[in-house]
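See structure below.
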Amino acid sequence: MQKNLFQTNSFTNKYQNLINQINLLEDNVKQLSDSELRAQNFKLKQKYKDSQDLTPLIAESFALTREASLRTLGLRHFDVQLIGGLVLNNQKIAEMKTGEGKTLVATLPASLNALTGKGVHIVTVNDYLASRDQVSMGQIYRFLGLDTGLIQDDMVPSERKKNYDADITYVTNYELTFDFLRDNMALNLSDVVLKPFNYCIIDEVDSILIDEAQTPLIISNNIETPVDKYIIASEITNYLELNIHYKVDEKNKNVILTEQGSKQIEQILRIQDLYDPRDPWIPYVINAIKGNALFFNNVHYIVQSNRIVIVDEFTGRIMPDRRWGDGLHQAIEAKEKLPIRQKTETVAAITYQNFFLLYPKLSGMTGTGKTAEIEFEKIYNLSVEEVPTARPTLRKDLPDLIYKDQFSKWNAIAQTCNQISSTGQPILIGTTTVEKSEMLAQLLNEYKLSYQILNAKPENVRRESEIVAQAGKKSAITIATNMAGRGTDIILGGNINFKIQKKLYDILTLSRNYILSKKINIFQSTLKTQFKCSSQKFLSVLLSLLSDQKFLKLSDIDILRILRENDRVSIPTSSYQCSIRFLINELIVYYKKHQEQENKIVKNLGGLYIVGTERNDSRRVDNQLRGRCGRQGDPGTSRFFLSLDDNLLRLFGGPKIQTFMQTQMTDDSPLESNFLTQSLDSAQERVEERAYQQRKNLFDYDDILNKQRNIVYFERRQILKSVSTQKNILAYGEQIITDILLELKKEKSSNTQTISLLENLFGKNLTLKYVKNSKSLINEFNLFELKTYLFNEFWLTYQSKINELGVYGDGICENLERSIILINIDRIWREHLQKMTLLREAVGWRGYGQRNPLYEYKQDAFYMFETRKEVLRHLVIYDLLRSSIL
1 MQKNLFQTNS FTNKYQNLIN QINLLEDNVK QLSDSELRAQ NFKLKQKYKD
51 SQDLTPLIAE SFALTREASL RTLGLRHFDV QLIGGLVLNN QKIAEMKTGE
101 GKTLVATLPA SLNALTGKGV HIVTVNDYLA SRDQVSMGQI YRFLGLDTGL
151 IQDDMVPSER KKNYDADITY VTNYELTFDF LRDNMALNLS DVVLKPFNYC
201 IIDEVDSILI DEAQTPLIIS NNIETPVDKY IIASEITNYL ELNIHYKVDE
251 KNKNVILTEQ GSKQIEQILR IQDLYDPRDP WIPYVINAIK GNALFFNNVH
301 YIVQSNRIVI VDEFTGRIMP DRRWGDGLHQ AIEAKEKLPI RQKTETVAAI
351 TYQNFFLLYP KLSGMTGTGK TAEIEFEKIY NLSVEEVPTA RPTLRKDLPD
401 LIYKDQFSKW NAIAQTCNQI SSTGQPILIG TTTVEKSEML AQLLNEYKLS
451 YQILNAKPEN VRRESEIVAQ AGKKSAITIA TNMAGRGTDI ILGGNINFKI
501 QKKLYDILTL SRNYILSKKI NIFQSTLKTQ FKCSSQKFLS VLLSLLSDQK
551 FLKLSDIDIL RILRENDRVS IPTSSYQCSI RFLINELIVY YKKHQEQENK
601 IVKNLGGLYI VGTERNDSRR VDNQLRGRCG RQGDPGTSRF FLSLDDNLLR
651 LFGGPKIQTF MQTQMTDDSP LESNFLTQSL DSAQERVEER AYQQRKNLFD
701 YDDILNKQRN IVYFERRQIL KSVSTQKNIL AYGEQIITDI LLELKKEKSS
751 NTQTISLLEN LFGKNLTLKY VKNSKSLINE FNLFELKTYL FNEFWLTYQS
801 KINELGVYGD GICENLERSI ILINIDRIWR EHLQKMTLLR EAVGWRGYGQ
851 RNPLYEYKQD AFYMFETRKE VLRHLVIYDL LRSSIL
């Protein structure tokens, strides 16, 4: 079947030559011993050192990696997976359907590019996937003599540095970007954790580079917060009426205060002007109205531990470390009557667009990338190539059913679940919010149906992978917000790994408790009755384990942790871990037969049935939900249930749909219509285009800031790496003197001002007694002579400071100078970021004066940045010449 695929598919033809080369090498590679295979990989490293070219090494490296995978994990890359690896190595996005083994595909280009010794970053969307993939795929890399690193949320800088220094590092997009920002705030080179960027593979690339690219990532410091204003503004919203005092723009997530609203608020506050620059109330009022009218509990956020925690609208996961900016988060805290946390000011910021463009070589993987290909190409210069599936796709995508209102729709969903569940076919229901997932759960309760619910609530998140893994069991009903659980395969008939963990946990805890309480007789009878699935060898290993004193000291939680980590630990470190590994393998053999039977039963029932409860703003999110069924040639069905008052239709459907529905729909019966389907597709395209323009706008504005950021970070890194900063200090002082004299020559300042400025800057050590009483410095002195005199005085002042600090030890002065320069670079950059934020808001209004806001922003940003170096010179010299060590 694959041969036919390669003969007819033009896309695969261009990779056919390399695929043939890799397959021809397979027999030779199989003959190699483990040590010879590793040695062969080291030879490839040497070849790269000599040639600095990876292209001639592709076929052999891929062949070695495929063999290493077969020997360590028992997984051999299919030819289509080799194609996926070649696409990634060509700096493109590989679109591979759910279940096609993207995690395994990444090992091919990762191993190849690791030969350079410059490092490879594999970026995942959460810590769990990074940890899982690093441990499992790490076995392949270690077999080839490559080392792997893993970055986790709680690591200290020294651990991070060690893991980034590895050949291949697994890390989340969040951790990686913040490590980059923190590196560019470091005051010592030892605190820098990242190496220069080389090659990056992004898993779920559309989620990271598109969905999460809407807002920049920011490191911030707390600043003084007027808590009372947020509370009062929140109370004021109780006295305001929609469409009278304010209007809501749902499409743009904005509110507009009417003239009547402004007067009403001014009367309540007993003030003359809401917009008074000395005591402005307008930002607090606008945020309070936004928080009340546009942001809702269990939809946009949840309340957890007396805090507002944002829910990611694309994944349904909570984002505990994120906060809305510009006072919106505080406004929502006031609305929910929670403690109001301090406002923050930006210290460092970057967008994902500009961050990932720092990599010389970038690629990505996803199941749904083609619909966003234009954006990938325009912003990231990444084209999307669809990799064919290993087996034909058998999924049936049924036409959408459209109901006249929400009530009819949700009733129909519950009835459908009841009908399908009675046959035993498993169902996965995708909802858009926490609130809707819990409402559907209540409806299913009325039908007395059992279900699992997975949303952003903490009690559900903890069981995320387990819930998703078992969504394919016979008669299972799973309600999940959007794509929560991505990265965990849904196996028809259920995933036996979780079943085995639970079974063995029960066996181990029960047996150990009997032994510890010395109830030997009860234990022996339990062995005979409850553990019938176990062989004699299983029982003997269990008995030896129960005589291990180290094991008996473990708590129940320790046992659970060991069982969960078992499949992620390649080499057991203790005798009881070896025994547990053996017991797990025995149970796998026993349960595998049962799982195969269940798998066939569920396949005969039609596989997993996907129910979509609403069309999302993006077609990709809909396709991600559909893609959860029909993996690796499995059967499956998907259907979306919609209503006329769904957000997408209501906000973007247009008046034609409303008229059409009112004429066509007279009862609770659903409607299937090509016209409606086309209208929905058109509405989604408009929303996607709108979102793209917003991201493009963000990118265009941040591109200016990005050029400035690159200059600042480059200069900063040069200072950080330098052994001595003496040349910089001398250059700063000389430039200041030159600038002041040039200004004096232009007669832009008086002599008295010049002398005061020089004395203030360089301190009283700078001797100016010969010029103090002169009426005109320029008339009395030749400019060159004056400059030479001032230079000499500055050099002497600086040298006396070096001598003063030198008594405290070698290197003290150099370290102090470096710290002063870096601290002032950061201080000026921080202030510059604040000014740029204000400028961005200000230029928006210039559009009303027929001026291009982006052009205006560029012009003003350039002038603001130009003054940065002059300010830096003055601050550094001022601070250094007044510094002392107490």
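Counting with UniProt numbering, you get residues 1 to 886 for the letters of the sequence shown.
Glycine included, each C-beta is placed from N, C-alpha and C at the ideal position.
- Taking the C-beta atoms as reference points, Y239 is found no nearer than 9 Å to Q260.
- Of the residues assessed, Y403 falls on the buried side of the cut-off, its CB having 16 or more other CB atoms within 10 angstroms.
- Rounded to the nearest angstrom, the gap between the Cα atoms of D147 and Q134 is 10 Å.
- Per DSSP, T258 has no beta bridge partner at all.
- By the criterion of a C-beta distance shorter than 8 Å, K195 is surrounded in its chain by K118, G119, Y164 and D165, once the five residues flanking it on both sides are discounted.
- Fully enclosed alpha helix (DSSP H) runs of no fewer than 4 residues occupy 205–209 of the stretch 190–232, in order along the chain.
- Between the beta-carbon of S61 and that of S111 there is about 6 Å, and that keeps the pair under the 8 Å contact cut.
- G291 and T237 have their alpha carbons spaced roughly 10 Å apart.
- Counting only runs that start and end inside the stretch 566–642, the beta strand (DSSP E) elements of at least 3 residues fall at 608–612.
- Three or more pairs of CB atoms, one per stretch, sit closer than 8 Å, so the stretch 341–350 contacts the stretch 205–222.
- A check of alpha carbon separations from H594 across S305, G493, Q624 and C629 identifies G493 as the nearest.
- Under DSSP, K47 shares a beta bridge with no residue.
- Between the alpha carbons of A114 and L150 lies a distance of about 15 Å.
- Taken atom to atom, the span from the alpha-carbon of E598 to that of T368 is near 30 Å.
- Nearest Cα to A469 within the set I500, N198 and S363: I500.
- For I704, the closest alpha carbon among the candidates R840, N445 and L758 is that of R840.
- Collapsing the DSSP output to three states places L357 in coil.
- Look at H832 here: in three-state DSSP terms it is helix.
- DSSP assignment within the stretch 441–503 yields the following whole beta strand (DSSP E) runs of 3 residues or more, N-terminal first: 452–454 and 477–481.
- If you compare the alpha carbons of T393, F376, K474 and N381 with that of G424, the shortest gap goes to K474.
- At a Cβ-Cβ threshold of 9 Å, L560 and L552 do not count as neighbours.
- Approximately 16 Å separates the beta-carbon atoms of L648 and L671; this is outside 8 Å, ruling out the contact.
- For R395, the pairing in a beta bridge is given by DSSP as G636.
- Annotation for E435: N298 and V299 place their beta carbon closer than 6 Å to its own, counting only its chain and skipping 5 residues before and after.
- Counted as a single uninterrupted DSSP element, the alpha helix (DSSP H) harbouring Q693 occupies residues N674 to K721.
- Cβ-Cβ distances below 6 Å link I429 to I479 and V611 in the same chain, with the five nearest sequence neighbours on each side left out; the list follows chain order.
- Between E688 and A372, the C-beta spacing is below 9 Å.
- Leaving aside the five residues that flank L783 on each side, the residues in its chain whose CB is nearer than 8 Å to its CB run, in chain order, L741 and K745.
- Here I122 is actually not in contact with G364; their C-beta atoms are around 11 Å apart, not less than 8 Å.
- Around the Cβ of F714, a 10 Å sphere holds fewer than 16 other Cβ atoms; the residue is exposed.
- Taking a 10 Å sphere around the C-beta of W795, we find fewer than 16 other C-beta atoms and assign the residue as exposed.
- If you draw a straight line from the Cα of N710 to the Cα of R716, it is about 10 Å long.
- Straight across, the Cα-Cα distance linking V205 with T366 is about 6 Å.
- Here D646 carries a coil assignment [DSSP, helix/strand/coil].
- Residue pairing by DSSP places K247 opposite I256 in a beta bridge.
- Around the beta carbon of N455, 16 or more other beta carbons sit within 10 angstroms, so the residue counts as buried.
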